[in-house]
Ligand SMILES: [Zn+2]
């Protein structure tokens with residue numbers, strides 16, 4: 010498949026500041042942006058797309074997804090389904106992502122190596138989908154968050170071994186559980202893996218040049234993860250002001266996933282304990298996300314997509330929530346592009362991701378109007394480029410319609 014492309018006559022949102030630059034030609038060679046110029050470079054047989062003044066920005070990045078889940082009411086039961094169904098789920102989710110202009114995702118945990126295998130296929134260009142950086146199995150203590158599905162590890166040596174297993178299987182990020190969760194049994198406020206366990210796992214990952222994400226909802230677990238040297242905190246629903254200061258001082262990025270709780274309601278078949286915990290947490294979670302934004306915490310966008318009624322592609326709603334809670338539209342776009350891009354680099358990959366610049370990977374989104382003046386225009390991207398390949402969005406739509414019937418909800 011071709012990864013050369015020329016885009017004609019658009020307006021690029023360039024660099025870390027998303028500065029506007031009208032262009033005559035945006036040239037992509039072997040998946041990398043080589044030129045953004047006012048000139049009309051001569052046609053040379055390279056595929057071309059005429060943009061008629063549309064805006065081009067970096068493709069969006071969802072920093073927290075579960076690509077082999079299907080957003081069912083009891084989402085984790087999908088991990089008990091046949092490998093065939095789960096592999097189709099990954100393919101389907103990849104198309105949902107592309108349709109929404111999402112060109113990279115960070116998969117933060119599966120029951121086995123399914124999403125690692127999917128990542129291998131799409132990252133090598135053999136299968137159409139977004140770039141994927143996957144964690145393999147999340148690492149959790151006995152009785153901890155996702156213990157039914159994760160790699161259970163107890164004590165520093167065991168966590169070290171568990172991390173080595175994920176890295177050996179091809180993980181591009183490591184996921185550690187530092188507190189309980191909302192979608193699993195137990196109290197999300199309690200710390201789980203301790204500092205010495207987290208530090209051992211983080212040391213192993215960092216030795217391999219791999220970043221570490223900690224699932225952490227509440228103050229003690231967040232403090233532990235940051236003290237242990239983690240790179241990102243996921244969720245932080247019950248964080249306190251001190252935690253935001255810790256994040257800023259340590260240069261830790263927060264991935265809020267605050268919209269994951271929006272669809273949770275009684276009467277939808279969602280387990281009662283999850284409904285109860287979600288409804289109790291929701292307002293605090295939203296208010297705390299606003300506090301994190303106001304405090305100046307570095308935020309990258311993520312959705313926890315795959316969980317109940319939270320399908321892949323809802324990233325725009327998460328960005329709009331950030332805008333409702335204090336970000337400008339440009340800041341929200343940066344959370345899903347430039348900032349997120351620093352979290353999804355893979356070891357050995359040279360071209361920057363999440364930024365429109367000469368030398369960066371050509372993952373692009375085309376919008377009819379300037380998204381800095383209103384994010385809603387991103388609801389229906391008019392063009393998507395992944396690794397220099399212009400995606401046929403009509404084909405994506407038709408294929409989604411064919412594949413969706415495979416993903417029916419399993420009986421509870
Ligand atoms: Zn998650």
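Residue numbers (the numbering used here): 10 to 421. Where a beta carbon is used, it is the ideal one built from N, C-alpha and C, also for glycine.
CB-CB length for residue i against residue j, believed under 8 Å
{"i": "residue 41", "j": "residue 368", "result": "7 Å"}
{"i": "residue 219", "j": "residue 263", "result": "Actually they do not touch by this definition, with Cβ atoms about 19 Å apart."}
{"i": "residue 114", "j": "residue 141", "result": "6 Å"}
{"i": "residue 393", "j": "residue 68", "result": "7 Å"}
{"i": "residue 371", "j": "residue 14", "result": "7 Å"}
{"i": "residue 350", "j": "residue 302", "result": "Contact flag wrong, Cβ pair sits at about 19 Å."}
{"i": "residue 409", "j": "residue 105", "result": "7 Å"}
{"i": "residue 315", "j": "residue 74", "result": "6 Å"}
{"i": "residue 267", "j": "residue 275", "result": "Not confirmed; about 20 Å, so no contact."}
{"i": "residue 23", "j": "residue 366", "result": "6 Å"}
{"i": "residue 407", "j": "residue 27", "result": "Actually they are not in contact, since the Cβ atoms of residue 407 and residue 27 sit about 32 Å apart, beyond 8 Å."}
Beta-carbon proximity check, residue i vs residue j, cutoff 7 Å
{"i": "residue 222", "j": "residue 243", "result": "yes"}
{"i": "residue 391", "j": "residue 377", "result": "yes"}
{"i": "residue 82", "j": "residue 19", "result": "no"}
{"i": "residue 72", "j": "residue 246", "result": "no"}
{"i": "residue 123", "j": "residue 157", "result": "no"}
{"i": "residue 170", "j": "residue 217", "result": "no"}
{"i": "residue 25", "j": "residue 332", "result": "no"}
{"i": "residue 183", "j": "residue 172", "result": "yes"}
{"i": "residue 43", "j": "residue 36", "result": "yes"}
{"i": "residue 249", "j": "residue 265", "result": "no"}
{"i": "residue 145", "j": "residue 180", "result": "yes"}
{"i": "residue 138", "j": "residue 147", "result": "no"}
{"i": "residue 364", "j": "residue 107", "result": "no"}
{"i": "residue 286", "j": "residue 161", "result": "no"}
{"i": "residue 197", "j": "residue 226", "result": "yes"}
{"i": "residue 373", "j": "residue 380", "result": "no"}
For residue i, the residue or residues it bridges with in DSSP
{"i": "residue 30", "result": "21"}
{"i": "residue 71", "result": "114"}
{"i": "residue 57", "result": "15"}
{"i": "residue 200", "result": "188"}
{"i": "residue 42", "result": "37"}
{"i": "residue 243", "result": "224 and 264"}
{"i": "residue 399", "result": "394"}
{"i": "residue 143", "result": "116"}
{"i": "residue 375", "result": "65 and 392"}
{"i": "residue 83", "result": "Per DSSP, none; premise fails for residue 83."}
{"i": "residue 314", "result": "74 and 316"}
{"i": "residue 428", "result": "With the chain running from 10 to 421 in the structure shown, residue 428 is simply not present."}
{"i": "residue 183", "result": "221"}
{"i": "residue 457", "result": "There is simply no residue 457 to check, as the chain begins at 10 and stops at 421 in what is shown."}
{"i": "residue 308", "result": "263"}
{"i": "residue 370", "result": "41"}
Residues of its chain near residue i, where Cβ-Cβ distance is below 6 Å and the 5 sequence neighbours each way are ignored
{"i": "residue 79", "result": "87, 98 and 416"}
{"i": "residue 237", "result": "204, 207, 208 and 211"}
{"i": "residue 255", "result": "235"}
{"i": "residue 102", "result": "76 and 321"}
{"i": "residue 426", "result": "The question about residue 426 has no answer here: the residues shown for the chain are numbered 10 through 421."}
{"i": "residue 304", "result": "253"}
{"i": "residue 125", "result": "143, 145, 178 and 179"}
{"i": "residue 400", "result": "107 and 393"}
{"i": "residue 298", "result": "265, 267 and 334"}
{"i": "residue 277", "result": "82"}
{"i": "residue 128", "result": "141 and 143"}
Other residues of its chain near residue i: CB distance less than 7 Å, five sequence neighbours each side excluded
{"i": "residue 60", "result": "16, 17, 18, 19 and 375"}
{"i": "residue 272", "result": "317, 318 and 319"}
{"i": "residue 11", "result": "56 and 398"}
{"i": "residue 384", "result": "325, 328, 329, 332, 338 and 341"}
{"i": "residue 345", "result": "69, 70, 310, 324 and 328"}
{"i": "residue 282", "result": "194"}
{"i": "residue 355", "result": "142 and 181"}
{"i": "residue 46", "result": "32, 33 and 34"}
{"i": "residue 261", "result": "235, 239, 240, 241 and 242"}
{"i": "residue 84", "result": "78, 315, 316 and 317"}
{"i": "residue 163", "result": "150 and 151"}
{"i": "residue 132", "result": "140 and 141"}
Same chain, Cβ closer than 8 Å to residue i, five either side skipped, listed in chain order
{"i": "residue 201", "result": "149, 150, 153, 154, 186, 187, 188, 189 and 230"}
{"i": "residue 130", "result": "136 and 138"}
{"i": "residue 52", "result": "15"}
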